[in-house]
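First comes the structure, then the notes that go with it.
Residue numbers (my numbering): 14 to 116.
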């Protein structure tokens, strides 16, 4: 029996994202603004597939051209920035083809 894939909502700290979420008009000018805009968009949609795609896209775009070590560093940093569980974030990424270390 195979385990069901994690959903983004089960990985990221929902309460924290609701707390920091802010509508960002146009292009984010700072990383903090981008995170706030992501949090707003993520918590504003009721469609789980859209949330999964949003998180997968962030992981993919940030790690697609880097080493496994650099990808692991990004996942760790994203976990800290979103106050989320690093291991769940790793598992979500690995389930969606993000190139991370074994284990």
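Beta carbons: idealized from backbone N, C-alpha and C, even for Gly.
Small disclaimer: the values here were computed from a predicted structure and weren't measured.
Quick check: the Cα distance between residue i and residue j, rounded to an integer number of angstroms?
i, j, result
"residue 107", "residue 61", "18 Å"
"residue 38", "residue 47", "11 Å"
"residue 76", "residue 83", "7 Å"
"residue 113", "residue 91", "14 Å"
"residue 111", "residue 20", "15 Å"
"residue 101", "residue 32", "21 Å"
"residue 41", "residue 55", "15 Å"
"residue 79", "residue 115", "16 Å"
Considering just the uninterrupted stretch of the alpha helix (DSSP H) at residue i, what are its terminal residues?
i, result
"residue 29", "27-33"
"residue 95", "Run containing residue 95: none; DSSP gives neither H nor E here."
"residue 80", "No alpha helix (DSSP H) holds residue 80; DSSP gives it neither H nor E."
"residue 49", "44-57"
"residue 41", "Run containing residue 41: none; DSSP gives neither H nor E here."
Nearest CA to the CA of residue i: which residue from the options?
i, options, result
"residue 93", "17, 21, 18 and 25", "25"
"residue 44", "99, 64 and 71", "71"
"residue 69", "115, 49, 88 and 40", "88"
Please list, in chain order, all residues of the same chain as residue i whose beta carbon is under 7 Å from its beta carbon, the five residues on each side excluded.
i, result
"residue 95", "25, 26, 29 and 30"
"residue 65", "20 and 21"
"residue 58", "64"
Quick one: residues in its chain with C-beta nearer than 6 Å to the C-beta of residue i, no 5 flanking neighbours on either side, listed in chain order?
i, result
"residue 53", "34, 35 and 36"
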